[in-house]
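Participant: This is the structure I want to talk about, given as structure tokens.
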Amino acid sequence: DTEVTQTPKHLVMGMTNKKSLKCEQHMGHRAMYWYKQKAKKPPELMFVYSYEKLSINESVPSRFSPECPNSSLLNLHLHALQPEDSALYLCASSQDRGQEAFFGQGTRLTVV
Amino acid sequence: GQNIDQPTEMTATEGAIVQINCTYQTSGFNGLFWYQQHAGEAPTFLSYNVLDGLEEKGRFSSFLSRSKGYSYLLLKELQMKDSASYLCAVRHTGGGNKLTFGTGTQLKVEL
Numbered sequence: 001d002t003e004v005t006q007t008p009k010h011l012v013m014g015m016t017n018k019k020s021l022k023c024e025q026h027m028g029h030r031a032m033y034w035y036k037q038k039a040k041k042p043p044e045l046m047f048v049y050s051y052e053k054l055s056i057n058e059s060v061p062s063r064f065s066p067e068c069p070n071s072s073l074l075n076l077h078l079h080a081l082q083p084e085d086s087a088l089y090l091c092a093s094s095q096d097r098g099q100e101a102f103f104g105q106g107t108r109l110t111v112v
Numbered sequence: 113g114q115n116i117d118q119p120t121e122m123t124a125t126e127g128a129i130v131q132i133n134c135t136y137q138t139s140g141f142n143g144l145f146w147y148q149q150h151a152g153e154a155p156t157f158l159s160y161n162v163l164d165g166l167e168e169k170g171r172f173s174s175f176l177s178r179s180k181g182y183s184y185l186l187l188k189e190l191q192m193k194d195s196a197s198y199l200c201a202v203r204h205t206g207g208g209n210k211l212t213f214g215t216g217t218q219l220k221v222e223l
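These protein sequence lines are chains A and B, in that order. So that you can map any letter, position 60 of the first sequence is 60 in the working numbering, and since no number is skipped, the others follow by simple counting. Numbers in the working numbering are just positions in the second sequence, counted from 1, shifted up by 112.
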């Protein structure tokens with residue numbers, strides 16, 4: 001199994017909603033990432049978890065809240081988002097520090 | 113800080129060879145990755161360089177010069193399916209697994 005699985009694939013939410021994005025991998029990777037990608041732009045790092053602990057937060061607004069319940073799962077909780085937060089949210093994982101990252105297919109988020 | 117630059121767009125002919133350059137300025141370099149991303153899909157890993165020199169993998173090769181802050185991705189025997197965005201990404205020292213992507217190069221392969 002060399003897949004990173006993200007759900008849902010598409011999400012439309014209002015600015016007052018609370019929703020969660022989910023990411024799962026069963027490759028035994030101990031580093032997991034959230035990236036945000038706007039159209040025709042490169043992915044921008046949001047958060048990194050290493051061994052289930054948050055190691056990097058790239059000054060992401062608190063309306064995005066990551067959670068790593070165990071070594072296979074990574075969530076991104078969303079609350080009170082803005083329309084400009086609409087983007088493709090990519091999850092990735094890697095074996096250990098700095099190894100190649102495998103990406104999920106992403107969640108296409110639209111905030112209305 | 114960091115700055116990673118790539119050409120925005122390139123066009124090449126099917127069967128030809130194309131070289132996509134990436135220059136970087138970063139405080140603490142610990143490896144460079146190349147990813148391919150088709151529209152609407154996830155990035156997929158192509159190659160990795162941490163030492164100077166050329167890494168070859170089938171039709172794809174990647175070169176790194178750390179002293180010059182320069183890398184390139186070489187694609188041979190181009191196929192139409194190679195039309196995609198190509199992203200170089202720099203891994204940073206200091207732990208934490210930080211990976212920063214360049215601006216991306218949109219490659220169009222024509223007949």
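The beta carbon of each residue, even a glycine, is placed where N, CA and C say it ideally should be.
I'd like to know whether the C-beta of A:GLY106 is nearer than 8 Å to at least one C-beta of chain B.
Facilitator: For the purposes of this step, residue 106 of chain A is taken as residue 106 along the first sequence, with counting starting at 1. It does: the Cβ of A:GLY106 has a partner Cβ on chain B nearer than 8 Å.
Participant: Assuming B:LYS220 is part of the beta strand (DSSP E), what are its boundary residues?
Facilitator: Looking up residue 220 of chain B in the second sequence gives position 108. Looking at the DSSP string, the run of the beta strand (DSSP E) that includes B:LYS220 is 217-222.
Participant: Are B:ALA196 and B:THR212 touching if we call contact CB-CB under 8 Å?
Facilitator: Here the question's residue 196 of chain B lines up with position 84 in the second sequence. Here the question's residue 212 of chain B lines up with position 100 in the second sequence. Taking 8 Å as the Cβ cut-off, B:ALA196 and B:THR212 do not qualify as a contacting pair.
Participant: Under a three-way DSSP split, which group does B:LYS193 fall into?
Facilitator: One-based indexing of the second sequence puts residue 193 of chain B at position 81. Reduced to three states, the DSSP call for B:LYS193 is helix.
Participant: Taking C-alpha atoms, which residue in B:GLU189, B:CYS134 and B:ASN115 lies nearest to B:GLY140?
Facilitator: Here residue 140 of chain B refers to the residue found at position 28 of the second sequence. Nearest C-alpha to B:GLY140: B:ASN115.
Participant: Could you tell me the distance, in whole angstroms, from the CA atom of B:GLN118 to the CA atom of B:LEU223?
Facilitator: Translated into the one-based positions of the second sequence, residue 118 of chain B becomes position 6. Translated into the one-based positions of the second sequence, residue 223 of chain B becomes position 111. Roughly 24 Å between the two C-alpha positions.
Participant: Going along chain B in order, which residues have a C-beta closer than 8 Å to the C-beta of A:ALA87?
Facilitator: To locate residue 87 of chain A, count along the first sequence from 1; it is residue 87. By Cβ distance, chain B contributes nothing, its closest Cβ being about 13 Å from A:ALA87, past 8 Å.
Participant: Taking buried to mean at least 16 other C-beta atoms within 10 Å of its own C-beta, is A:HIS26 buried or exposed?
Facilitator: Numbered from its first residue, the first sequence carries residue 26 of chain A at position 26. Result: exposed.
Participant: Could you tell me how far apart the beta carbons of A:LEU78 and A:SER20 are, in whole angstroms, since I believe they sit closer than 8 Å?
Facilitator: Position 78 of the first sequence, counted from the first residue, corresponds to residue 78 of chain A. Position 20 of the first sequence, counted from the first residue, corresponds to residue 20 of chain A. Yes, A:LEU78 and A:SER20 are in contact; Cβ-Cβ is about 7 Å, under 8 Å.
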